[in-house]
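Mind the numbering: the sequence shown is residues 1 to 258 in full-length UniProt numbering, read in order.
Worksheet: one structure, shown below.
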Amino acid sequence: MDRKVPGMKGSNTQAVSPRNENNVSDTTGRRKQDNVVECCKHEFCKDNVPPKRTKSTVPGPIHFCISAGELGILAEFEPLLKSLVLHAKRTDVILHILTGNDSEKEIKNLLQRIPDTPVKFMYELVPLNRTYIISESLKNNIAIFHHSGVWGMSKAYMHEIFKNVKKCIVLDVDTVFGTDPAFLWDEFSNLGDQQLISMRITNKSEKYTMINTGVMLQDFENMRKIHFSKFYLPVAKRQCSHSPDDSGSPVGKIERIS
């Protein structure tokens with residue numbers, strides 16, 4: 001089983017419109033989706049049910065970016081990994097994982113136990129430079145707190161950290177797949193040439209004003225072209241003392257697993 005990503009080249013995948021596997025049936029048996037809302041080049045999928053599809057036609061590997069640095073993260077990360085192993089049937093999977101000192105060893109051990117599957121699972125582990133993320137937050141005067149702290153904030157920098165990746169599905173570790181993830185990758189074909197991010201609003205309550213970033217399609221190439229970090233997504237701001245020598249890059253020493 002090949003777990004190393006030689007050179008970590010970006011994906012040249014082209015995809016077609018998929019069926020939406022997240023539809024839910026109402027009492028009349030109809031399937032519903034959220035309507036389409038556009039805001040600052042972020043597209044949120046809404047009430048536009050595509051034709052039913054039986055398979056994806058994704059020709060190349062699917063890239064996932066996951067932030068998994070918190071202590072005890074294995075309890076959430078393992079179900080995600082198992083669901084990918086179970087349901088990925090049609091194309092190879094590449095996992096780009098941000099880790100910390102508390103999680104690196106247990107994440108590495110889990111990845112090394114991936115069984116043989118019809119598709120290849122490849123991965124790289126990248127240690128997050130927490131000081132860089134925190135200093136960038138302070139420098140930009142971001143006063144928004146996030147319950148997952150630096151690790152939640154890191155999703156605003158995935159496109160900088162994984163520079164050789166063109167497009168990626170950014171996931172929270174508590175995500176579980178119930179079908180082939182290739183269907184989700186197909187959604188990239190619905191993004192316009194200038195769109196950066198696509199995500200779903202899961203709570204329609206008027207009282208709920210936050211955005212669920214647990215599953216996002218991110219066009220890293222477009223984000224880098226417009227220097228997305230200058231616009232800065234809502235991220236956590238934490239007071240932290242740091243060394244000037246440790247604040248110039250979002251990643252530490254990179255270790256790739258072979």
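Glycine residues also receive a C-beta, built at the ideal position from the N, C-alpha and C atoms.
Contact between the stretch 212 to 220 and the stretch 101 to 108 is defined here as three or more beta-carbon pairs at a separation below 8 Å; is this criterion met?
no
Rounded to the nearest angstrom, how far is the Cβ of H96 from that of F121, given a contact under 8 Å?
Contact doesn't hold; Cβ gap of about 12 Å is too wide.
Which of the three DSSP states, helix, strand or coil, is assigned to S103?
coil
Compare the C-alpha of D116 against each of N129, V93, F188 and name the closest.
V93
Report buried or exposed for H159, applying the criterion of at least 16 other Cβ atoms within 10 angstroms of its Cβ.
buried
Under the three-state reduction of DSSP, which class applies to E70: helix, strand or coil?
coil
Please name the residue in L128, G60, F188, A156 whose C-alpha comes closest to that of N101.
L128
How far does the beta strand (DSSP E) with K167 in it extend, from its first residue to its last?
167 to 171
Less than 6 Å between C-beta atoms, sequence neighbours within five positions excluded: which residues of the same chain meet that for E221?
K166
What does a CB cutoff of less than 7 Å around A68 pick up in its chain, not counting 5 residues either side in sequence?
F77, I97, L98, T99, S103, I107, V173
If you count every other CB in all the chains shown that lies within 10 Å of the CB of P181, and 16 or more means buried, which is it?
buried
Can you round the beta-carbon distance between I133 and V150 to whole angstroms, since I take them to be within the 8 Å contact cut?
5 Å
DSSP on D219, reduced to helix/strand/coil?
strand
Is DSSP giving I133 helix, strand or coil here?
helix
Proximity of I169 and I62 at Cβ, strictly below 8 Å
yes
C-alpha distance - A156 paired with R113, whole-angstrom precision
30 Å
Spatially closest choice to residue 341 from P79, R90, K82, by CA coordinates:
Residue coverage of the chain in this structure runs from 1 to 258, which leaves residue 341 outside it and unanswerable.
Considering only residues of the same chain and omitting the five flanking positions on each side of F177, which have a CB-CB separation below 7 Å?
S83, L84, H87
Would you kindly work out how many angstroms separate the C-alpha atoms of Q195 and S229, rounded to a whole number?
15 Å
Sub-8 Å separation of I66 and L191 beta-carbons
no
Taking the C-alpha atoms as reference points, what is the distance between E70 and F188?
29 Å
Residue interval of the alpha helix (DSSP H) (run including E124)
Not the alpha helix (DSSP H): E124 falls in the beta strand (DSSP E), residues 121 to 127.
To the nearest angstrom, report how far apart P118 and T179 are at their CA atoms.
15 Å
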